[in-house]
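Trainee: Read in order, the letters of the sequence shown are residues 56 to 400 in our numbering.
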Amino acid sequence: MDIATVPFLVFRLNGAVCGVRSAFVREIIWLPELTPVEEAPPYIAGLFNLRGRVVPVMDLNLRFGHKPRCYRASDSVIVIEAEGSLMGVVVDEALDVNEIPLSDVEAPETLSGVTGEPHFIEGEAKIGERIIMILDAAKLVKHGGPPLAIAGEPPAEVEGEAGTFSKRPVFCPDASQSERELFRDRARNLSRKDEVESRSGLVPIAVVGVGGEILGIDAGLVREFADVRRTTLVPCCPPHVLGDMNLRGNIITVVDIRGLLAIPTGGPALFKAVITEMGESLVGIAVGEVLDIAYLRGEELVSAPTGGVADKYIKGTASYAGRLMTVLDVEKFFNEGALEVNEEV
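(1) With a CB to CB cut of under 6 Å and the five nearest residues on each side skipped, what residues in its chain are close to GLY323?
(2) Among ALA328, LEU195, GLU88 and ARG278, which has the Cα closest to the Cα of GLU335?
(3) Kindly examine the ligand NAD and report whether one of its heavy atoms sits closer than 8 Å to the Cβ of ALA341.
(4) Write down the C-beta distance between GLY74 and VAL110 rounded to the nearest angstrom, noting that I regard them as a contact closer than 8 Å.
(5) Do TYR350 and VAL258 come within 9 Å of each other at the CB atom, strictly closer than that value?
(6) Taking 8 Å as the limit between beta carbons, can you name the residues of its chain near SER131, skipping five residues before and five after?
(7) Given a threshold of 16 other Cβ atoms within 10 Å of its Cβ, counted over all protein chains shown, does THR60 qualify as buried or as exposed?
(8) Confirm, please, whether the CB-CB distance from VAL263 to VAL345 is below 9 Å.
(9) Take VAL134 and list the residues in its own chain whose beta-carbon comes closer than 8 Å to its own, dropping the five residues that flank it on each side.
(10) Which one of ASP273, PHE389 and VAL92 has the shortest CA to CA distance from MET333?
(11) Out of ASP299, ASP151, ALA78 and GLU386, which has the shortest C-alpha to C-alpha gap to VAL283?
(12) Which residues in the same chain have their Cβ closer than 6 Å to the Cβ of LEU89, if we skip the five residues on either side of it in sequence?
(13) Mark ALA261 as exposed unless 16 or more other C-beta atoms lie within 10 angstroms of its C-beta, in which case mark it buried.
(14) Give me the residue from LEU383, PHE280 and ILE348 with the minimum Cα distance to LEU237.
(15) May I ask you to report which of helix, strand or coil DSSP gives PHE280?
(16) Identify the continuous beta strand (DSSP E) that holds ASN301 and give its terminal residues.
(17) Taking only three categories from DSSP, how would you classify GLY353?
(18) Could you pull the DSSP bridge partners for SER140 from this structure?
Structure representation (structure tokens):
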């Protein structure tokens, strides 16, 4: 007898691991600049323009009665759609999509005893050793009622010095100038109505940070992003091969491109991998951080000067959040054997 399973998007929120049914997820974006809303509930962080549609964004930390925290450029927004309405929720990180048997989702009886009703909690599930709190997407979109205090935690004081985002004149006032420009660029890109219809004029670029440099990778080559938790050394491989890692049963070879690009290796550690699909092989390009998915017009990409060893792997440069972004020719890395993995003794 087949067991009914449902795909859930799993994400991290304030140290906890949560999930929401994937059927309600319209898209996942990096946190853009939000427009504060007067007279909105304090847990509504603001609004943004998603290709012509105004989307309110909920701060789940405040909605669940926790204290407010500063937003980070690494935060994401999960855009949820229910009954024709959209609602964004700010999360620390989108982790994965997992198939969970419905029989493994237990009703939140303990929480309902505290709050009187489950509210936004659909249930709890276990994936491996992790307990996942499943959120009710339809109720998130409706977001009615006063802020909640769960597990006996008193509601956060959102008035006074901390303030609420609905009463702040600017979004994320504690952000640095470069972070503000980054938030603003994201909002500008998301507001473009022709983004979907005119893809021929826009090139999606995965923006990453490596050794203090801003690099761009053609998003069409990117399968996903992943954490580099543990790698296994591969014998008889060149130094740019960091090792193999297991990603949901797939063996991914993780490579370091800093040497090819003359980027010093003594900088920040490489905790993320850009998983690219080259033919029948999956390769992870190690990076320090994943910043954004940006859209460039052809005229925004300027040809890079030639002469250096690394220049043949560069498509050009473009401005990104007030900094210079180097757009890479990743296919040339592999076509010319620069990232070849030699496992022969």
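Just so it is clear, CB atoms sit at the ideal spot from N, CA and C, and this is done for glycine as well.
Mentor: For this structure:
(1) In the sequence shown, the residue the question calls residue 323 occupies position 268. Rather than Gly, the amino acid found at residue 323 in this sequence is Pro. Within the same chain, PRO323 has close Cβ partners GLY343.
(2) Position 280 of the sequence shown, counting from 1, holds the residue named residue 335. Out of ALA328, LEU195, GLU88 and ARG278, the CA that lies nearest to the CA of GLU335 is found in ARG278.
(3) You won't find the ligand NAD in this model; it holds no ligand whatsoever.
(4) Your numbering for residue 74 matches position 19 in the sequence shown. Your numbering for residue 110 matches position 55 in the sequence shown. That belief does not hold up - the Cβ atoms of GLY74 and VAL110 are roughly 21 Å apart, past 8 Å.
(5) Position 203 of the sequence shown, counted from the first residue, corresponds to residue 258. Position 295 of the sequence shown, counted from the first residue, corresponds to residue 350. Yes, they are a contact pair.
(6) Counting from one through the sequence shown, the residue named residue 131 turns up at place 76. PHE66, ILE83, ILE84, TRP85, LEU86, VAL145, VAL146, ASP147, GLU148 and ALA149.
(7) Indexing the sequence shown from 1 puts residue 60 at position 5. Classification of THR60: exposed, given that the 10 Å Cβ count is below 16.
(8) For the purposes of this step, residue 345 is taken as the residue at position 290 of the sequence shown. For the purposes of this step, residue 263 is taken as the residue at position 208 of the sequence shown. Yes. Within cutoff.
(9) Within the sequence shown, residue 134 is the residue found at index 79, counting from 1. Only residues of its own chain outside the window of five on either side were considered, and among them VAL80, ARG81, GLU82, ILE83, ILE84, LEU105, VAL110, LEU141, MET142 and GLY143 have a CB closer than 8 Å to the CB of VAL134, listed in chain order.
(10) Working through the sequence shown from its first residue, we reach residue 333 at position 278. Nearest C-alpha to MET333: PHE389.
(11) In the sequence shown, counting from the first residue as 1, residue 283 sits at position 228. That would be ASP299, whose Cα lies nearest to the Cα of VAL283.
(12) Stepping through the sequence shown from its first residue, residue 89 is reached at position 34. Here LEU89 has ALA100, GLY101, PHE103, VAL112 and PHE226 as same chain residues with Cβ atoms under 6 Å from its own Cβ, once five neighbours each way along the sequence are excluded.
(13) As a position in the sequence shown, residue 261 is number 206, starting the count at 1. Counting of Cβ neighbours within 10 angstroms places ALA261 among the buried residues, the total reaching 16 or more.
(14) What you label residue 237 is simply residue 182 of the sequence shown in a count that begins at 1. Considering only alpha carbons, the answer is ILE348.
(15) Numbered from 1 along the sequence shown, position 225 holds the residue referred to as residue 280. In the structure shown, PHE280 sits in a strand (DSSP, three-state: E or B).
(16) The residue you call residue 301 lines up with position 246 of the sequence shown. That run of the beta strand (DSSP E) goes 296-302.
(17) As a working mapping, residue 353 is identified with position 298 in the sequence shown. In this structure, GLY353 counts as helix in the three-state DSSP scheme.
(18) To locate residue 140, count along the sequence shown from 1; it is residue 85. Bridge partners of SER140: ALA137.
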